[in-house]
Amino acid sequence: FSDEQQTEKNEGNTLLRVRSTERISEKLPNLFGKRQKQGIIETDIALDVSQVSATRNTPSDENNTTQDSSGKEPVQEQLEGHWWIKTQVGNREIRAFYDTGASRTTMNSIAVQFARQCERKITPIRGRMTQCANGSMSIVTAYVELPFTIGGITRDIRVDLMPDLWTDCVVGSNFIKTFQVRHNPIANQCVIGLNNIPVPIEFVPVGSTSAPKISAAGLGEMTQREREQLGRLLDEILQPKTGPLSHTNLIEHSIHIKEGTKPIKQRYYSVSEKLKEELHQQVKDLLENDIIETSSSGWSSPIVMVKKGNDKYRMCIDFRKVNAISEPDAYPLPYMDSILRKLAKAKHISTLDLSSAYHQINLDKNSRPITAFTVPGLGLYQYKRMPFGLSYTGATFQRLIDMIVTPELEPYAFAYLDDIIIATESFDEHVRVLKEILTRLDKANLTVNREKSTFGRSEVRYLGVLVNRDGIKPDPSRVEPILNFPVPKTLKQLRRFLGMSSWYRKFLKDYATLAEPLTKLTSSKVKYIWTSEQQDAFTKIKTLMAEVPLLNCPNFSEKFTVQTDASDTGLGAVLLQTINGEERVLELASRVLSPAERNYTVTERECLGVIWAVRKFRQYIEGYEFTVVTDHASLRWLCNLRNPTGRLSRWALELQGHTYKLEHRKGSLNHVPDALSRIYEEDEEEITTLSLMSNSEDTWYLSTYEKVSKDPSDYPDWNIRGGQMYKFRPNNEDKNLADDDERKWKLVVQREQRPVVLRECHEEPTAAHLGREKTYDRLAERYFWPKMYTDVADYVRKCKTCQQIKVEQRAKKGLMGHRVIPRPWHTVAADVAEPFPRSNSGFEYMLIFEDLFSKWVECIPIRQANGKTILKYLRERIVLRYGPPMILQTDNGTEFRNTLIDDYLKETNIGHFFNPGYYPQVNPVERTNRTYKTMIKAYVDDNHREWDEKLPEITFAYNTAKQSSTGMSPAELIYGRQPEQQGSFRREVELEAQDQEQDEAVQAWKIHLDKLPEKHETAAENMKKANEKQAKYYNANRRITDFKVGEKV
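Residue numbering for the sequence shown follows UniProt numbering, beginning at 1 and increasing consecutively.
Here you go:
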């Protein structure tokens, strides 16, 4: 040994302290409390001097100093590794990492389970950062005093809880000092206390791929002899079988239909010739295996060909209508707590899989006709064996297993879904029970699939626990989505996390205090800056949230609830139960969507989320009735889907075997699944709302405000009242207003508040995502700041919604004509926009009337597009409100071209002009339709059945928007005034009340009305100029074409 050596006395034994170096590899655990220098970890190892000296002087050791092929000395290689020790916490043994350099004993989330079992209190602490050996920082979120037992001695040890610890337990200096541990590495043991009680300890070399061999509680590994013995047993009993699939005579499956139900006969789904060939071949195979037979039943269910991952197809029967009228089977499933107790004691576990298990059970003769199905080109067939897809088949399978696994074998074997599990404490006992069960299965004429069965499993996950060589402990995957929840980078993400965590607040002590550093960031007065204070609170809340599911065990006498949600990037799900009126979380799950899945429609993604959650929690909910809670009507749509194909058929048929109820919950109340599904969302730019009382950093605003405050007379175009600054800036349409008219004074907006105002004038439903010109005109009516038009143009250009829903404007060929319209309501254009999804109110179409002079629009959602409906709203919305127009312009659809409409227009002397065929662009309302659809898209989220709910606000937005062709808004041309937008920012911040006398207000209104004809003349002139301007660009690089009567165009 060439390293620095130092001797010291310790209880009469001469010890040699050897300082060795171990290089950090990628696999080196995150140890803390060690000294690190340039990738080298220094570790103190205490050795018995006499043993080291004796070892060095032996010839064998001298020979071992030669280098091997790797260039290392074997003696040196022996010193590079880690030590593991077996200890007991409470009544359970665990394998712990023995780390003399660790300053304290630490556990991951398994400490929560130990604390619960030992009835010890967990004390949260302000997150303390601890440096690990590799330089990374981990946080300690709580501590607990746990009883450790080693060498027959029990002591309480303080354990720090570190959620991301790489192993279950690391015992450090407080453990070593409390038990007075002295390590003898040559003998691979430690001695405990003054009585020198020996305790085995195992050394695992660095780079070793083998696990430590300490036989703690948990699954054991078979030796070569045991594997050979097991192989001989399987070869003896599991002989390959040939011929048709066997079936048992121990039990038959019966389908009990609700009384009074008549046979249901459904039409078969048509398939292509290629699929028909595959279908006929599979039917032939089923006949040869005696699984189906020809039928003359009055029942018939359709066939669905489901594509599998290997591009092959599997024949499935759509039994959804049969399941809906089937009586439930209340046969009890195994008591799960007893299964967990068996798993906890198991050292050896095997699982047996039956080949096509359901097809090995006969169907009773009275039930066979109910399973009849039609095969195109072959006729009607029915099942002789229990088919897949029927409800309550799990109960029949459980009956069969209970007949085979009788009470004398019950302590060692049980059914787990569609597998048989054998769990024993000794290998000899395992062989005996396995042989007995295999023999009974053979006598029952049941076939075991040896390839899919497993023998001597090294790990089992079941009902929220993980059983492996370390024993039984909470499955960390239950809370993995919470522990991996990313640090919120935007205010939106922070609010999402707080929404999820507040749902847990009844389980989290002092939640309000813990969350205070986070909640203060949501204030509009605080700038979003993430500091160590927020990080500590975030980590601590995550840890406490992760403890909640670990403290809850499933109660199989209560119903389960599955909550799901899907976002653009991920899926989220929560399994819970309501016990004593309180929701208790059992497990959480989330996953990212694949690139292909991100291309699914919103409905398909929501369906995928439900299917994935049912698969994920299958071990809990299979065989039980459960509730599915989702914020989308996807599952109801999927279950009622006619003739499903592709992945939809797979999903629909997969749900056939489950008994569940659907419950819709608004997305705003579905906090936890929604947050889990959005973990994987890319960072988005977040706009922070600020109040007017916040401290502004806008130097221009502050300096201007100060100047105007000091010398108001020097700035006559500026005014300060109520703490707000205003700018005198009349628009062109304001030139006829009095100088003191408030509409000429615009509220000056600080830089921090401009996003709020821009959002109000562009994104709100009453602004409806119109273009930059209309957005700027709306903004300029009430607000001002420098370079406002540039900011508006930039805001609209970067608007994500506008980019997604708006179409590119492209000019068409041909010269543009000129339309002369002398006054409002002279010419009215009408059109029906379709198709729309059937709304919650039953509407499927949108009827639009537009006055071509003022551009005023009347928009009505309708259920049917026919002459009767069109006539009703033409009378009520146009003729009886504004008088009969001179001209009604429509397309050639039958809803407009019919006797009802023609007779009414003749009675009222209204001319009816039709658009040329195949050229709808002639009708100006077609452009309005496109604008409306764009605005509707901006406010339709996941539920497209709500498209009609925002029509009044959208119509207001359109009728109050300034039109480029008239220079005014439709409302101003019709009523002589511009209506104020509801919820206006200006109205909210202005404190001074309007104090005008009634007669002055009436007089001012008369002036407005007197100027209305002048506005009409101005609008007509503006439309003429706009038409000339449009024609100039429209007709560029185009030629004039003269058409003759009768010429095809």
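Glycine included, every Cβ here is placed at the ideal spot set by N, Cα and C. Computed from a predicted structure; not experimentally measured.
Status (buried if at least 16 other CB within 10 Å, exposed otherwise) for residue i
i	result
T1041	exposed
Y789	exposed
T699	exposed
R104	buried
residue 1050	No answer is possible for residue 1050: it lies beyond the span of the chain, which begins at 1 and ends at 1049.
P163	buried
D714	exposed
Q753	buried
E697	exposed
F414	buried
residue 1095	The chain is shown only over 1 to 1049; residue 1095 falls outside these bounds and no answer can be derived.
M305	buried
N249	exposed
P822	exposed
Through-space distance from residue j to residue i, alpha-carbon basis
i	j	result
E93	V405	30 Å
A423	N366	39 Å
Y383	E273	24 Å
residue 1089	G231	Given that the chain is displayed from residue 1 to residue 1049, the structure contains no residue 1089 and the question cannot be resolved.
R533	R927	Before going further, note that residue 533 is Glu rather than Arg in the sequence given. Near 54 Å, if we compare the C-alpha coordinates of R927 and E533.
S138	Q113	21 Å
G377	D941	45 Å
Y660	V89	41 Å
E327	D364	16 Å
Q804	M222	60 Å
L494	M1023	50 Å
Q360	E604	35 Å
Q281	Y392	29 Å
L593	A566	9 Å
W83	E583	43 Å
V610	A780	48 Å
I974	L576	58 Å
Whole-Å CB distance - residue i paired with residue j, under 8 Å assumed
i	j	result
R838	R945	7 Å
T578	T561	7 Å
D99	V171	7 Å
R986	R782	5 Å
V204	G81	5 Å
C118	P147	6 Å
P884	I910	5 Å
I349	R457	5 Å
K321	Q266	7 Å
For residue i, the residue or residues it bridges with in DSSP
i	result
N719	Y726
E663	V629
R92	V89
M846	A833, P861
W84	F97, E202
D353	D419
K241	In the DSSP output, where bridge partners are listed per residue, K241 has none listed.
G570	V592
V170	F97, T106
T248	I361
Q563	V574, V629
E145	R158
W745	F728
Q382	E293
N184	Q189
Y783	L747
Q) Does the count of Cβ pairs from the stretch 382 to 397 and the stretch 253 to 264 closer than 8 Å reach three? A) Verdict: yes, contact present.
Q. At a cut of 8 Å, does the stretch 968 to 977 reach the stretch 621 to 632 through at least three beta carbon pairs?
A. Counting Cβ pairs under 8 Å, fewer than three are found: no touch.
Q | contact_flag[the stretch 896 to 916, the stretch 932 to 944] where n(CB pairs < 8 Å) is 3 or more | A | The stretch 896 to 916 vs the stretch 932 to 944: no contact.
Q. Looking at C-beta atoms only, is the number of pairs between the stretch 955 to 964 and the stretch 820 to 829 that lie closer than 8 Å three or more?
A. Result no; under three Cβ-Cβ pairs closer than 8 Å.
**Q.** Cβ contact (3+ pairs, closer than 8 Å) linking the stretch 765 to 777 and the stretch 720 to 730
**A.** The answer is no - the stretch 720 to 730 does not touch the stretch 765 to 777, with fewer than three Cβ pairs under 8 Å.
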